[in-house]
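This report refers to the structure that appears directly beneath it.
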Amino acid sequence: MFISQIPPPTFSQNIPFNTNEVHHDEHVVTFENVFLNAASRQVLKDYLTEDMHSPEIIQFLESVEALSQASSLQEVLSNALTMIKIFVTPCAIQEINIGAAERNALIENFNRFLSQHTDTFQSLQELTPSLLFDFLSIFEEARITVTSELKQDIFPRFVRSKRFLDFLDGLPPQKEWASDLSRINTSRSLATLFTNPVSYEYYWRNYQADCSNQFITVEDLKFVHSLTLDSSWWKLLKEGNKKKKEYYTSFVSQDAHQIIKPGSTEERDANPQKLFKCSGVIGYSVEELLFTLSSPYLMMTFDNPLSVIEQLDYLNPYDVICSTTSQPLNTSSNDTTDRFSHRQEPTVSNVSMDSFDMLSFSEHFNDEHFPTTICTETYPFGWPITNRDFVVSQTIVYEAKSQRYILVKKSISHPLFPKRRGTIRAFTVGGWSIQRVTEKQTRFCFVSYTDMDMNDVVFLRLCKKRGKKLFDGLNDILTRNARNGFPRPMYSCGLLNTLSDFIDHFNLPKTVLQENGVEFLKLQCPSSALHGGHGNLECQARNKFKSFEIEDSLVRLVYISRYDPNKLDSSELSKIAQVSIKNNSEKHISGLLLCCEGVFCQVLEGEPEVVHSLMHDKIVKDPRHYGIVIVREENGVKEYERFYSGWAMNTVDLIHCDNYLAQFVRRIIETASKLECFQQNRFDMSEQEVMEIICQSMKKIHKSSQF
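530 is the number that the UniProt record's numbering gives to position 530 of the sequence shown; each next residue is one higher, with no gaps.
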């Protein structure tokens, strides 16, 4: 757990507990007051046990508390040994969630302490304060970690839970408490949105992302939020080196899951796959990290394979509802609190807001959708692995009390945006949770499911590298952005628009936070929205959509043909290269020509009309080769996506090239050309079949090299 340490209470003093009465002044809603009062602590204990299924958290803290109040040496030894056995030992009955290094250090320190003080234990008759302090020191780091998890992660959800709100409803009314409660919870419905008791088993086994629903829904949000919580469903993969200030931990799910709802995709059903998670702490503020993650340019730098991010559409259910509401906008009062005081408390499907009539809103907003931006992402791979593209819906939701932002992303099927030719339409579900720890520390958690069909060995190997790559990449782009002063992105593919609409809709503060010169979300509602009709709202919705038009897109074409090696020697190939360079330079065509063992493989990149004209008017009619088959054609390629932008046409004769990599490729081609499936002149193979041929060829090369 990589979060800031909480100053420990003084265990050498007996902590008074009021077990008879509950007073409002003791229930200013801080973690310390809730934890120290017997009644509210019992509610917290019930919440952890019955709702979170994590009773070990409170049991461990109570055991440390009991240890601090022990009166005899025998009692201290007995309690300490029991705590080691029940809470600390790996695979213990109530194993607490601490890091492996911290766990091993605790056990080692405890055993060392016992061996060093054996004589002392035999000679002492009474427990001394110094000896008690030494025992408590052994468990202190674990106590801080567990308390931090409880305070920073679980407690914000607890104070919004139905169990705690019901507990508050049973208290005598008092204005001060009501005021404080309003700060905890903007509305009871918004609270239950995040904190309904989460059953991990339910979400893992029953949740499936509906690709036919283009909106991000409450269920999508709850699912991503539940993934960020600690659970036995996750298997620890790797921890960062704290000595190198690598504060991250990566996990994979115990089992593979079918996250995408079958039949909801137009392309194909997604593959079951394990999920990946990486959580940690980074030395930047919440706003700085959020601005960085919402910048398309920085994300393309951070996520190296990502080559294209484009916004395709923007969906706002609140604007849609406004345009269908017959009631005028409510402008009778400028005091939001005053207007709310005369309204009935809303439910999740009936949330009051300034601009909506309650009846009309409840009629139209019953699917619990969030403002959603729809984007396309393209990840290029080298041949023969096919490029992947995603059409994803995204949104950002803000939880005010815990100062947590949740970014949700899921793949969708969009009828207006079919897959690009030459690519595979892939599917993903996941997102980010980022939460304040201190003014300059932010806890992040990234979770992801992607339906890449990999075996467990390859998947785990990639995930082990992915955690460190993600942490290092975040630090790198944050350092770059720090040089610019962390400006709010001018364009965020609609992500910050979704957050602005969400905050406006739920009447959260217009200025959420301001820290270290980073001014975040100073939302100013246009005067036209307050005094005009629905046309203004529709205009605003249109203005939020900024689309990249696909202009001057290129085509990348790959073909294979055969030639007679006896008729085309190296000098003839050099002439072909010279002519190609001259002609292609004039037409702005780039590419590569490989030749080996009577096989040509050529890649052409350029404007579609020019490339197709060259292919059908010259290349196909060239008598020097035959058996021409186009094995791949990719449309919509951007200028900056060219693989061979510096080469008008680079011809590589693998037979006479002394480059090590070229020799390796030549050996693969030579070996593959002797395989039965290759000799059948089949060029319509799938990606899996091509990879199988390459693997077989490499095995034969490896086997022959052993003799």
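Glycine included, every Cβ here is placed at the ideal spot set by N, Cα and C.
Beta-carbon proximity of residue i to residue j, cut-off 8 Å
i    : j    : result
A142 : E102 : yes
I86  : I93  : yes
C375 : I309 : yes
H625 : F643 : no
R268 : G422 : no
L237 : F215 : no
C278 : L77  : no
V652 : L593 : yes
E239 : A66  : no
L298 : I144 : no
H225 : I406 : yes
S553 : N475 : no
Q311 : K261 : no
L61  : S54  : no
N497 : T378 : no
N433 : F276 : Asn is not the amino acid found at residue 433; the sequence shown has Ser there. The answer is no: Cβ separation not under 8 Å.
Y318 : D166 : no
K398 : L499 : Looking at the sequence provided, one finds Tyr at residue 398 rather than Lys. Yes, the pair counts as a contact, with Cβ atoms nearer than the cut-off.
K410 : D220 : yes
V631 : V558 : yes
Same chain, Cβ closer than 8 Å to residue i, neighbours up to 5 away in sequence not counted
i           : result
residue 786 : What the structure shows of the chain is the stretch from 1 to 707, and residue 786 is not part of that stretch, so it cannot be assessed.
S492        : S294, S295 and P296
I581        : A648 and M649
N79         : S63, A66, L67 and A70
A482        : Y284 and E288
R466        : S250, F276 and C278
F31         : L150, K151 and F155
residue 713 : With the chain running from 1 to 707 in the structure shown, residue 713 is simply not present.
For residue i, the nearest candidate out of the options (CA to CA)
i           : options                   : result
V408        : F390, Y284 and G431       : G431
V138        : D169, L81 and F164        : A small fix is needed here, since residue 138 is Ile in this sequence, not Val. Checking every option, the nearest Cα to that of I138 belongs to L81.
K152        : I576, Q403 and G263       : The sequence shown places Gln at residue 152, not Lys. Of the candidates I576, Q403 and G263, the one whose C-alpha sits nearest the C-alpha of Q152 is Q403.
L44         : H117, R163 and R421       : R163
F370        : E377, I477 and K222       : K222
E633        : D456, C596 and K419       : K419
T217        : S130, A648 and I396       : I396
D451        : Y398, S393, K274 and R421 : K274
R480        : F459, H505 and T292       : T292
G283        : L496, P623 and D472       : D472
D564        : F417, E597 and N387       : E597
L306        : Y47, A256, L132 and P380  : P380
L131        : F110, N104 and T147       : F110
Q258        : I98, N206, E266 and E288  : N206
E439        : E572, S285 and H414       : S285
I589        : K567, M615 and S571       : M615
I424        : V391, A256, R461 and T386 : T386
R157        : V64, W233, L568 and D51   : D51
K242        : G263, K468 and T120       : K468
T249        : P608, K587 and I98        : I98
residue 712 : L165, V34, L227 and L114  : Given a span of 1 to 707 for the chain in the structure shown, any question on residue 712 remains unanswerable.
Y247        : Q441, T265, E266 and D255 : Q441
Sequence-distant residues of the same chain with beta carbon closer than 7 Å to residue i, five excluded per side
i    : result
S72  : L127
H117 : none
V620 : I628
V579 : none
S199 : Because S199 sits at a pLDDT of 47, beneath the cut-off of 50, its placement in the model cannot be relied upon, and the point is left open.
Close-in-space but distant-in-sequence residues of the same chain around residue i (CB under 6 Å, 5 per side omitted)
i           : result
L150        : I57
R443        : I3, V281, Q435 and V437
Q540        : Its pLDDT being 35, under 50, Q540 is placed unreliably by the model, and the measurement read from it follows with that caveat. Result list for Q540: empty, nothing under 6 Å.
F417        : L312 and V391
L462        : none
V429        : A209, I259, K410 and Y449
residue 733 : Here the chain has residues from 1 to 707 only, and residue 733 is not among them.
For residue i, the residue or residues it bridges with in DSSP
i           : result
S433        : I406 and C445
residue 709 : Past the boundaries of the shown model lies residue 709; the chain is included only from 1 to 707, so the question cannot be answered.
T292        : Per DSSP, none; premise fails for T292.
I282        : T442
K238        : S250
N583        : None; N583 has no bridge partner.
What residue ranges within the UniProt domain "RGS" (30-168) form continuous alpha helix (DSSP H) runs of no fewer than 4 residues, ordered along the chain? Counting only runs of at least 4 residues, the UniProt domain "RGS" (30-168) fully encloses the following alpha helix (DSSP H) elements, listed from N- to C-terminal order: 31-36, 38-46, 55-68, 73-83, 100-116, 118-123, 129-149 and 155-158.
Taking only runs of the alpha helix (DSSP H) that begin and end inside the segment 460-514, which ones reach a length of at least 4 residues, in chain order? 495-505, all fully within the segment 460-514.
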